[in-house]
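Asks: Just dropping this structure here.
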Amino acid sequence: MDAEAILPTRCLHIGMVGFGMIVDETYRPVFEAAARSQPYSPATGPIRVELTAVATRTGSRAAAYLGNLPAGMSPFRNCLGLTAVADLLAAGVDAVCVATPDDRHFGPARAALAAGKHVLIEKPSVLSLAELDELQALAERNGVLAKVVYHKLLDPDHKRIRTLVADGVLRHVNSGYCSLLEPKSISAGQFAEWVTGRNPSTYVAVHYLKLIDFSFGPDWGLDRVAADGQRGIVGPADGPTWDSVQLRVVYRHPDGREAAFDIHTSWVTPDNFPGYVEQEVQFRFDNAVWSAHQRKRGVELTVEGRSPGEFKHTPNHHYSAAFLEPWDERSRRGYGIEVIERFFREVAHVEFGGPPESRLERLRAMRSMAYNDLSADRNCVAIVQATEAILRKAAAGVTGCVVRVNQSAGGLVLYEPGSAAAEVLYPGRV
Ligand SMILES: NC(=O)c1ccc[n+]([C@@H]2O[C@H](COP(=O)([O-])OP(=O)(O)OC[C@H]3O[C@@H](n4cnc5c(N)ncnc54)[C@H](O)[C@@H]3O)[C@@H](O)[C@H]2O)c1
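Using our numbering, the first residue of the sequence shown is number 13, and each one after it goes up by one.
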């Protein structure tokens, strides 16, 4: 028997749209690990997962990676320029991951779903419910998965809070706060090319919006959204670009009681901040308080001349870190990586997890997962759309607007202070 005959023949060909920081931290480790050992489940057997094509604007980072490919990885097609996404879709991919800036997810995701490819989108999936409706309809029509990455749901501490809620240990959440503060280098350097007109809330508050919505729902209803923000560092003080945002989201439990959450975000904290990104939460229940800090989990480290840049003073090794395993293998592991691997396993289950006649059943089973399916992203997208509308109003001089959810006038309705007039942002039900 020749070597070809004993190699696993089932292969998922993956297309990657965008090849920036998040690809370095989470996607590349998945492709590199898959080149060393195939993901396996009893239903699918071993599966090869191959990076087949990359689409970006300039192709430079993908070219650098191609020039230094880790062992076991095959060269991929480097698509660039205006036809990059179309070229990627023509390269024989089965699934497409979209990791472009947050206001450039919709176009590539729509093109991929229209071409019958499974799709995984970085958070926030899209910026409006109309876009979400269109993607969902395409996925339904073409029999493919459409999913979004919320890796914080796989953080062991967040799995634990959901478990304690599900088991009735933590009862009836009433209020809470979350903060996620990023360094200036993000807004001034890494995202400088697309930061104009954007805000840090859309990009990072969604982590906590999903954590709240997923862990404490789904029986409650989103009631209203309000937001304030500050300007003057990333862009002019009277311009459309935001330094920091304070978002307030109110839900109503089935018993009529409300729960309110404040989510503070910024991308102008000092670059020498000890943990690079500052993240903490507090949730208050009828019978309990949960407080957690993402980076203060016990490890403190200082390396002369290399901290806090390369080695953070208070690192989070649960997200994505390089390890020398006890069995002397090098690896890169963490929940940021696990969440991407799971998507590939879900696609493999649909395509290879049983006979073709039960594919629809498998597709439905994978779609029923609220942690990542677009159909379960409605509240988060509604909050993002509402926040962006409120910030646009504020930039135009009208501060203090509120967006109310599922009113008789529409699903998302914006009210200006002191005015009875309502602006319908989304007519359907959220
Ligand atoms: N899960 C997380 O915690 C996390 C962390 C960081 C970023 N992200 C998300 O990942 C996405 C990308 O963030 P990043 O930090 O990697 O950004 P980045 O700026 O480092 O990279 C963006 C990439 O998109 C490409 N790109 C831009 N416009 C494009 C277009 N029109 N067509 C094709 N490619 C295009 C750029 O060439 C670049 O390769 C964002 O949606 C962000 O919210 C998620």
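Glycine is no exception: its CB is placed at the ideal position from the N, C-alpha and C atoms. The structure displayed is predicted, hence computed values, not measured ones.
Given that a residue counts as buried once 16 or more other Cβ atoms are within 10 Å of its Cβ, and exposed if not, what is residue 110?
Replies: Residue 110 is buried by the Cβ-count criterion.
Asks: My assumption, with CB atoms under 8 Å, is that residue 119 sits in contact with residue 92. Please give the rounded CB distance.
Replies: Wrong, their Cβ atoms sit about 16 Å apart, outside the cutoff.
Asks: If you draw a straight line from the alpha carbon of residue 81 to that of residue 298, how long is it in whole angstroms?
Replies: About 53 Å.
Asks: Report the residue ranges of all alpha helix (DSSP H) runs contained in full by the stretch 187-253; include only those spanning at least 4 residues, in chain order.
Replies: Segments of the alpha helix (DSSP H) lying fully in the stretch 187-253: 218-228.
Asks: By the three-class DSSP mapping on this structure, what secondary structure does residue 276 have?
Replies: Three-state DSSP puts residue 276 in a strand.
Asks: Report yes if the C-beta distance between residue 300 and residue 182 is below 8 Å; otherwise report no.
Replies: In this structure, residue 182 lies closer than 8 Å to residue 300 by Cβ.
Asks: Flag this pair as yes or no: are the beta carbons of residue 263 and residue 234 separated by less than 8 Å?
Replies: Cβ distance < 8 Å, so residue 263 and residue 234 count as in contact.
Asks: Which class does residue 57 belong to by DSSP, given the choice of helix, strand or coil?
Replies: In this structure, residue 57 counts as strand in the three-state DSSP scheme.
Asks: So who's on the other strand from residue 110, going by DSSP bridges?
Replies: For residue 110, which the question treats as bridged, DSSP gives the partners 29, 133.
Asks: Can you grab the Cα-Cα spacing for the pair residue 107 / residue 275, in whole Å?
Replies: Using only the alpha carbons, I get a separation of about 33 Å.
Asks: For residue 424, which three-state DSSP category applies?
Replies: It is a strand residue.
Asks: Taking DSSP as the reference, what is the three-state secondary structure of residue 440?
Replies: Residue 440 falls in the coil class under three-state DSSP.
Asks: Near residue 34, which residues of its chain fall below 8 Å by C-beta distance, leaving aside the five closest residues on each side in sequence?
Replies: Within the same chain, residue 34 has close Cβ partners 111, 134.
Asks: Does residue 284 pass the burial test, meaning 16 or more other C-beta atoms within 10 Å, or should it be called exposed?
Replies: Its Cβ having fewer than 16 others within 10 Å, residue 284 is exposed.
Asks: For a test of the three-state rule: what should DSSP assign to residue 380, helix, strand or coil?
Replies: Correct three-state label for residue 380: coil.
Asks: With DSSP as the reference, please indicate the residues paired to residue 291 in a beta bridge.
Replies: Paired residues: 192.
Asks: Which of helix, strand or coil does DSSP assign to residue 159?
Replies: Three-state DSSP puts residue 159 in a strand.
Asks: How would you call residue 161, buried or exposed, if buried means at least 16 neighbouring beta carbons within 10 angstroms?
Replies: Its Cβ being crowded by 16 or more others within 10 Å, residue 161 is buried.
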